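Using our numbering, you'd call the opening residue of the sequence shown number 3 and step up by one each time. C-beta: ideal position from N, C-alpha, C; glycine also. In this text the structure is predicted, and so the values were computed from the model without any measurement. Below you'll find the structure, written out as structure tokens, and then a few comments.
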Amino acid sequence: QVQLVESGGGLVQVGGSLRLSCAVSGNIFVFNAMGWYRQAPGKQRELVADITRAGSTNYADSVKGRYTITRDIGKNTVYLQMNSLKPDDTAVYYCNAITWSADYWGQGTQVTVSS
């Protein structure tokens, strides 16, 4: 059974930085893509950033230039570096991994940006 375990969330002031980690119980190359989503209270879950098996990345317009998604293949871990954080970035952040036939999610980690 695939497990995704997020860590690194917390409380940070406006303009601060956090790095989220998503550790995968297995080889991340089995996934077509991995990504980070977020869900704020009363809002739909939205894609923040993803990275394909080939290493191509994609970002939501709202985080371009501030967030960076990377991976450490040897550690089977995907990261989300978040800089210049804003109050609107406050949400639960979820790690996601997809194959041709399945869709996996982590339990989520809370990010709160205080003004």
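Proximity winner among the options, relative to residue i (alpha-carbon distances)
i: Pro43; options: Ala93, Gly110, Val115, Gln109; result: Ala93
i: Lys88; options: Ser27, Thr79, Val115, Ala99; result: Val115
i: Ser58; options: Tyr96, Ser64, Glu48, Thr70; result: Thr70
i: Tyr95; options: Asn60, Ser103, Ala104, Gln46; result: Gln46
Within 8 angstroms, strictly: CB atoms of residue i and residue j
i: Arg73; j: Tyr81; result: yes
i: Glu8; j: Gly76; result: no
i: Leu13; j: Met84; result: no
i: Ala51; j: Trp38; result: yes
i: Val32; j: Thr101; result: yes
i: Asn78; j: Gly28; result: yes
i: Arg40; j: Glu48; result: yes
Euclidean distance between Cα positions of residue i and residue j
i: Asp90; j: Ile53; result: 23 angstroms
i: Gly11; j: Val113; result: 5 angstroms
i: Gly18; j: Trp107; result: 26 angstroms
i: Ile30; j: Ser64; result: 26 angstroms
i: Gln5; j: Asp105; result: 11 angstroms
i: Asn34; j: Asn60; result: 14 angstroms
i: Trp86; j: Met36; result: Checking the sequence shown, residue 86 turns out to be Ser, not Trp. Approximately 23 angstroms, taken between the alpha carbons.
i: Ser23; j: Ser103; result: 24 angstroms
i: Lys66; j: Gln3; result: 33 angstroms
Beta strand (DSSP E) segments (min. 3 residues) lying fully within the stretch 12-42
12-15, 20-26, 35-41
I'd like the ranges of any alpha helix (DSSP H) spanning at least 4 consecutive residues and lying wholly in the stretch 90-115.
none
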